[in-house]
Structure formats: C-alpha cells, structure tokens
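Structure record follows, encoded as structure tokens.
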Ligand SMILES: Cc1cc2nc3c(=O)[nH]c(=O)nc-3n(C[C@H](O)[C@H](O)[C@H](O)COP(=O)(O)OP(=O)(O)OC[C@H]3O[C@@H](n4cnc5c(N)ncnc54)[C@H](O)[C@@H]3O)c2cc1C
Ligand code: FES
Ligand code: FES
C-alpha cells in the first residue's frame, strides 16, 4: 500500500488520474472506519488534508463557494449566517471530535442516504464542483446522488467545492435519532422558505435510496401560500395546510426497514418533522427574521 | 514508511508505519504513548481523543501519515515532564470520575479543550463538549463534577 501526499491540487489530480486504486481521504471519518475494520484495502490512500485549495470558503453576494475540505466545526462557526440550514445540519453530525475532522466533501464522496449535509444542499439548490486533469465540471446536487452510496463522481475526479446559494429566507434542519449526539439519522429533513419567489423547498434524508426533494409537497405548499396570500398577510399557517404538507412529505419517502428503524416509523416521523420545521420557519418569517425584498 | 510528527512538543520519527495505520496505533505501538485508548476504532467512544493542531480529534480516524508534519498532543502531554498533573487530571482524580479508567484519557483531553475555549461552562455546554466520549462505568455524574471542579481551579 502507498500513502500519497500531494502538495497542491494539481498534483492531487495528477495522482488521482495515475492511481485509480487510490482512495482519497480528507477527514478520514468514513475511510478510516473501513480501514480499521478491514473492509477496504486500497492500493493507496490519497491524502487531501494538506491541500489549502480545499480548505477555504469564499462568499459573494448570493453564493458561498465552500471548499470540499472545510470541516463541519468551521461551517458552524463561520457560515451559520449565510448558510443556516447547512450549519444546523453540521451541528448534528457525530460529536465534536467528528465535526473537527469530517467535511462536506467527504459526505458527498460517501453519498450515504443518511448523510446530514445532503438535504440542506438539495433544498438550497447547491452545485458540486469536481475537477480532474480533464478539467472542471459543475454537478447540481439534485444530479449527484445516483444510488445508495453511489455518486456522480468519476474515478479520476476529486470534489473541490460546493457552491451553495446564500439563504434567501428561513431555513431549518431536523433529524430523528436515538440520542442527541452521535447518531446516524433515522430520518432527516431540510426545509427552506424563499419569500421573494414564494417557494417552499423541502428535502429528506435516510428515507429513500438517495436523499431527495419532495416536489409534490413543495408544489402544494407553494400554491397554498400564494392562494391564501400568506406571504403578504403573514397570518399563522392553517392547520389543514400544515397537516397536508406533512402527508405529502411522507408520501415522497421510499423508506426501508433496517437496523435503525422501520419504514413505517420513518414515514410517520417525516410527517412530524415536516410539520414542525414548516411551523418554525414560518414563525421565523413572521417575526421578520429574514424578510427579504 | 517513516512518519515524523511533533508529539507533545517533541519531534518524533516513527519507522515502519503501515500506510493504512491509524494515528492511534502509531502513538500507542510506535511512539510508546499508551494514554490514548483503543475501545472502538470507529469514532464512537472518544477514548482515543488527542489534540491534532490544537483541535480534539479521534486518533483512530486519522491516518498516521496524515499527521506527518503536524502537532499532536496526547493526555501524557497535558502533565509536565516531571509528572505534575494538569488541573483537569487532578480534578478527575479528586472527584472520583475514574473507575476502570478506559474512557478517562479521552474525557480529559475533551475537557481540557472545553475549558480552554469556555472557562466557565454551564451543564449544557459540558454535555455537548463531552457528547463524543462514552463511559461505561461512572454514570457520568462524577465526570460532570470533575469538569465543574476543574473549571473552578486555576489553570
Ligand atoms: C462516530 C461517527 C459519527 C458520524 N456521524 C455522522 C452524522 O451524524 N451525520 C453524517 O452525515 N455523517 C456522520 N458520520 C460519517 C462521516 O463523518 C461523514 O460522512 C463525513 O462527512 C465524512 O467526511 P470526511 O472528510 O471525514 O470523509 P473521508 O472519510 O475522508 O472520506 C469519505 C469518502 O469521500 C471520499 N472523499 C473525501 N473527500 C473527497 C474529495 N475532496 N474528493 C473526492 N472524494 C472525496 C473518500 O474517498 C471517501 O470515499 C459519522 C462518522 C463517525 C465515525
Ligand atoms: S477508539 Fe477512537 S473513538 Fe473509540
Ligand atoms: S471509567 Fe470505565 S469507562 Fe469510564
């Protein structure tokens, strides 16, 4: 086995092209578990931890370009204002030790249906930036997840960054697990309101082979908010609307029975999370937290 | 491979490190520092917690090669060379927060980090900071006592 330690991104991309048997490692919080338990014996580890190019974020007026190697701890500390949904999700990942090492790049690389970064990236309409010696391409988050732990990443590519739109309204993230720390989601949900366009966006995790948006729930809520002129009136949400929204989110799931939970419980819990997060986000909007334009 | 790491303030050259080996294994088996414990090797228990460049991490989830050229501080490095214990170490002993002791090194490093960032943490902050460290003996109450005691002692 080899341990490859590129000093620059270009060097890393060249190594990635030359060594299809090398497994990239950044935080190691997924890779090292597999190594320690003999589940993976790659020809080499390709260490991305030293690459300054991956460790920075940059904010423009409407987007944050988040380097693939920025840890969850840094997202919580540095990006809670422009990216509240992703920061909330980051806060629920593992433990302080895990959040000091684990990265969104690694979450995207593993592409687990339970990965906590995925739902907020989906609702935000984020774009994954990947690079190889062939060049750079941008993959919408919605096209990233191809199956259980399968992503659109090609064998010679590395994830360099995620472009996440700055929040245009209240964002929420909620997750069900057996305790408050160190839980892989039984199910999870991200929700955001975009008052300027009247959109309600919602995505669920650990509820189908891939994390996914809930188009029917979004269309229903969008239409109801418009018909009832809720954005301008700002009245409390009608109970029937909240109830129906929860049902449609649950209907978007395609869950399984597994060691963590049952499909039926996941559906029920998703409806609860949908109702709660919609209510919280709406309260935040009415309180004027992020009333835009 | 050969890996050079600054461990507890001293540059250490470790030989015959396997490329897929964890920092935890390298510390325990090659650097002669058995303080950090191996209880799960999957990031769940925190008994392997060490500082890497000043941040607490699970040493079992860092490849030894990734630590090359970086600074690691283990529980051994919290006491002085002549063996005088840090206030967190003293508090764990005084409060009876140690039973089998397997979780103790990780909890001490996590607590040390907490008090460096938050000198007078409330209980919610303590629980959050220690949420990645499992103890199967104490029931945690004595550990919370130890953290409060350490917070009240001069650094
Ligand atoms: C105890 C514990 C608790 C956890 N809890 C949670 C949790 O609550 N929620 C959650 O979502 N996850 C959790 N995880 C899983 C893990 O922490 C996350 O998936 C994390 O985001 C992985 O990031 P990393 O940088 O450590 O990835 P690594 O382990 O370094 O890599 C993960 C995968 O991505 C690939 N990869 C990494 N970076 C790149 C890149 N830049 N380009 C291309 N490929 C890349 C690697 O080859 C590998 O396949 C937990 C893990 C542990 C051990
Ligand atoms: S041995 Fe590393 S977290 Fe348990
Ligand atoms: S004292 Fe035994 S595990 Fe904590």
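Protein chains in written order, with the UniProt record's numbering: chain A, 1 to 293; chain B, 1 to 155. Glycine residues also receive a C-beta, built at the ideal position from the N, C-alpha and C atoms.
Assuming residue i contacts residue j (C-beta within less than 8 Å), just tell me the rounded distance between them.
{"i": "residue 103(A)", "j": "residue 69(A)", "result": "5 Å"}
{"i": "residue 160(A)", "j": "residue 66(A)", "result": "The Cβ separation is near 10 Å, so there is no contact."}
{"i": "residue 16(A)", "j": "residue 158(A)", "result": "6 Å"}
{"i": "residue 47(A)", "j": "residue 5(A)", "result": "5 Å"}
{"i": "residue 115(B)", "j": "residue 88(B)", "result": "7 Å"}
{"i": "residue 4(B)", "j": "residue 69(B)", "result": "7 Å"}
{"i": "residue 43(A)", "j": "residue 77(A)", "result": "Actually they are not in contact, since the Cβ atoms of residue 43(A) and residue 77(A) sit about 37 Å apart, beyond 8 Å."}
{"i": "residue 98(A)", "j": "residue 29(A)", "result": "5 Å"}
{"i": "residue 222(A)", "j": "residue 199(A)", "result": "6 Å"}
{"i": "residue 277(A)", "j": "residue 174(A)", "result": "5 Å"}
{"i": "residue 275(A)", "j": "residue 240(A)", "result": "Actually they do not touch by this definition, with Cβ atoms about 12 Å apart."}
{"i": "residue 150(B)", "j": "residue 59(B)", "result": "In fact, because the Cβ distance is near 22 Å, the residues do not count as touching under 8 Å."}
Per DSSP, which one or two residues make a beta bridge with residue i?
{"i": "residue 25(A)", "result": "47(A)"}
{"i": "residue 3(B)", "result": "14(B)"}
{"i": "residue 87(B)", "result": "BP columns for residue 87(B) are empty, so no partner."}
{"i": "residue 187(A)", "result": "176(A)"}
{"i": "residue 128(A)", "result": "139(A), 162(A)"}
{"i": "residue 64(A)", "result": "59(A), 164(A)"}
{"i": "residue 171(A)", "result": "192(A)"}
{"i": "residue 63(B)", "result": "22(B)"}
{"i": "residue 151(A)", "result": "145(A)"}
Do the CB positions of residue i and residue j come within less than 8 Å of each other?
{"i": "residue 47(B)", "j": "residue 102(B)", "result": "yes"}
{"i": "residue 202(A)", "j": "residue 217(A)", "result": "yes"}
{"i": "residue 63(B)", "j": "residue 146(B)", "result": "no"}
{"i": "residue 65(B)", "j": "residue 3(A)", "result": "yes"}
{"i": "residue 81(B)", "j": "residue 51(B)", "result": "no"}
{"i": "residue 254(A)", "j": "residue 219(A)", "result": "no"}
{"i": "residue 190(A)", "j": "residue 164(A)", "result": "no"}
{"i": "residue 101(A)", "j": "residue 57(B)", "result": "yes"}
{"i": "residue 128(A)", "j": "residue 62(A)", "result": "no"}
{"i": "residue 186(A)", "j": "residue 269(A)", "result": "yes"}
{"i": "residue 112(A)", "j": "residue 149(A)", "result": "yes"}
{"i": "residue 36(B)", "j": "residue 27(B)", "result": "yes"}
{"i": "residue 121(B)", "j": "residue 129(B)", "result": "yes"}
{"i": "residue 82(A)", "j": "residue 171(A)", "result": "no"}
So which residues on chain B does residue i lean against when the C-beta distance must stay under 8 Å?
{"i": "residue 156(A)", "result": "None at all; the shortest Cβ gap to chain B is about 21 Å."}
{"i": "residue 177(A)", "result": "Neighbours of residue 177(A) on chain B: none; closest Cβ ~12 Å, over 8 Å."}
{"i": "residue 107(A)", "result": "Near residue 107(A) there are no residues of chain B at all, since even the closest Cβ is about 14 Å away, more than 8 Å."}
{"i": "residue 49(A)", "result": "66"}
{"i": "residue 114(A)", "result": "Ordered by position in chain B, no residue passes the 8 Å Cβ test against residue 114(A), which lies about 15 Å from the chain."}
Could you please give the first and the last residue of the uninterrupted alpha helix (DSSP H) stretch that includes residue i?
{"i": "residue 201(A)", "result": "First-last for residue 201(A): 199-205, but that is the beta strand (DSSP E), not the alpha helix (DSSP H)."}
{"i": "residue 264(A)", "result": "263-286"}
{"i": "residue 324(A)", "result": "The structure shown does not extend to residue 324(A), since chain A spans only 1 to 293, so no value can be given for it."}
{"i": "residue 21(B)", "result": "It is not in any alpha helix (DSSP H) - residue 21(B) carries neither H nor E in the DSSP assignment."}
{"i": "residue 84(A)", "result": "84-91"}
{"i": "residue 15(A)", "result": "9-18"}
{"i": "residue 38(B)", "result": "Counting along the chain, residue 38(B) falls outside any alpha helix (DSSP H), and DSSP gives it neither H nor E."}
{"i": "residue 256(A)", "result": "Unbroken run through residue 256(A): none, as it is neither H nor E."}
Using a Cβ cut-off of 7 Å, pull out every chain B residue sitting near residue i, in sequence order please.
{"i": "residue 95(A)", "result": "46, 131, 132"}
{"i": "residue 2(A)", "result": "19"}
Can you pull the chain A neighbours of residue i, defined as C-beta to C-beta under 7 Å?
{"i": "residue 78(B)", "result": "Here the premise fails: no neighbours, minimum Cβ distance about 17 Å."}
{"i": "residue 22(B)", "result": "32, 36"}
{"i": "residue 4(B)", "result": "Within 7 Å Cβ-Cβ: nothing; residue 4(B) doesn't reach chain A, min ~12 Å."}
Residues of chain A with CB closer than 9 Å to the CB of residue i, please, in chain order.
{"i": "residue 41(B)", "result": "32, 33, 36, 37"}
So the beta strand (DSSP E) residue i belongs to, where does it begin and stop?
{"i": "residue 52(B)", "result": "49-52"}
{"i": "residue 144(A)", "result": "Segment: none, residue 144(A) is in no beta strand (DSSP E) and carries neither H nor E."}
{"i": "residue 112(B)", "result": "No beta strand (DSSP E) holds residue 112(B); the alpha helix (DSSP H) holding it covers 104-117."}
{"i": "residue 3(A)", "result": "2-4"}
{"i": "residue 147(B)", "result": "Run containing residue 147(B): none in the beta strand (DSSP E); it sits in the alpha helix (DSSP H), 141-151."}
{"i": "residue 71(B)", "result": "71-73"}
{"i": "residue 104(A)", "result": "Where residue 104(A) is concerned, there is no enclosing beta strand (DSSP E), although the alpha helix (DSSP H) it sits in stretches over 104-110."}
{"i": "residue 55(B)", "result": "55-58"}
Give the residues of chain B in contact with residue i, contact being defined as C-beta atoms less than 9 Å apart.
{"i": "residue 184(A)", "result": "Residues of chain B passing the Cβ test: none, with the nearest at roughly 11 Å."}
List the residues of chain A whose Cβ lies closer than 8 Å to the Cβ of residue i, in chain order.
{"i": "residue 56(B)", "result": "96, 97, 100"}
{"i": "residue 147(B)", "result": "Neighbours of residue 147(B) on chain A: none; closest Cβ ~14 Å, over 8 Å."}
{"i": "residue 60(B)", "result": "32, 36"}
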